[in-house]
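Converting from the sequence shown to this note's numbering requires adding 1 to each position, the first position being numbered 1.
Glycine is no exception: its CB is placed at the ideal position from the N, C-alpha and C atoms.
Owing to the predicted nature of the structure, the values given are computational and were not obtained by experimental measurement.
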Amino acid sequence: LRAMGHRVAFTAVTSISQAYCAAMTQADCIIPYYNRLQRSGVDANERLAQMARLLANQQSATRILAASIKSPTEAVSALLAGAHDLTVAPEVLLAMVTDPASEQAVARFVQDWQSMNKV
Numbered sequence: 002l003r004a005m006g007h008r009v010a011f012t013a014v015t016s017i018s019q020a021y022c023a024a025m026t027q028a029d030c031i032i033p034y035y036n037r038l039q040r041s042g043v044d045a046n047e048r049l050a051q052m053a054r055l056l057a058n059q060q061s062a063t064r065i066l067a068a069s070i071k072s073p074t075e076a077v078s079a080l081l082a083g084a085h086d087l088t089v090a091p092e093v094l095l096a097m098v099t100d101p102a103s104e105q106a107v108a109r110f111v112q113d114w115q116s117m118n119k120v
């Protein structure tokens with residue numbers, strides 16, 4: 002497929018050996034399912050970190066696209082463990098960019114701006 006110009010992804014990657022095989026076939030990315038790994042009893046952070054180390058050791062261009070991300074906490078954990086990219090539901094993305102401290106800061110900026118315009 003790559004020889005025909007197609008991008009290749011290995012999906013549902015759960016093991017280090019699968020990540021290795023994907024790297025050796027020059028797959029563009031591997032797609033481990035973060036939340037599913039966690040629910041199956043696997044430490045998803047450690048597994049992603051192992052996959053990232055393996056890809057780095059092989060000097061592979063294969064990227065880790067973490068899927069089955071159910072919360073901002075899982076998103077950050079996957080990224081810190083070595084995922085290059087994420088696929089998330091719109092509600093998770095919205096939760097990722099929303100933070101009470103940021104909301105308060107924006108409200109304060111608006112209040113300050115409005116008070117400046119009254120002068």
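- Going by C-alpha positions, THR12 is about 5 angstroms away from ILE32.
- Per the coordinates, the alpha-carbon of ASP100 lies some 27 angstroms from the alpha-carbon of ASP44.
- Taking C-alpha positions only, ASP113 is separated from ALA102 by approximately 16 angstroms.
- Residue state for ALA68 is assigned as strand, using DSSP reduced to three classes.
- SER41 and ALA82 have their C-alpha atoms spaced approximately 18 angstroms apart.
- A Cβ-Cβ separation of about 14 angstroms leaves HIS85 out of contact with ARG54 under the 8 angstroms criterion.
- Contact annotation: VAL98 and ILE70 have beta-carbon atoms that are not nearer than 8 angstroms.
- Taking each of ALA28, ALA24 and VAL14 in turn and checking the Cα distance to GLY6, the smallest one comes out for ALA28.
- Residue burial annotation: MET25 is exposed, with fewer than 16 other C-beta atoms found within 10 angstroms of its C-beta.
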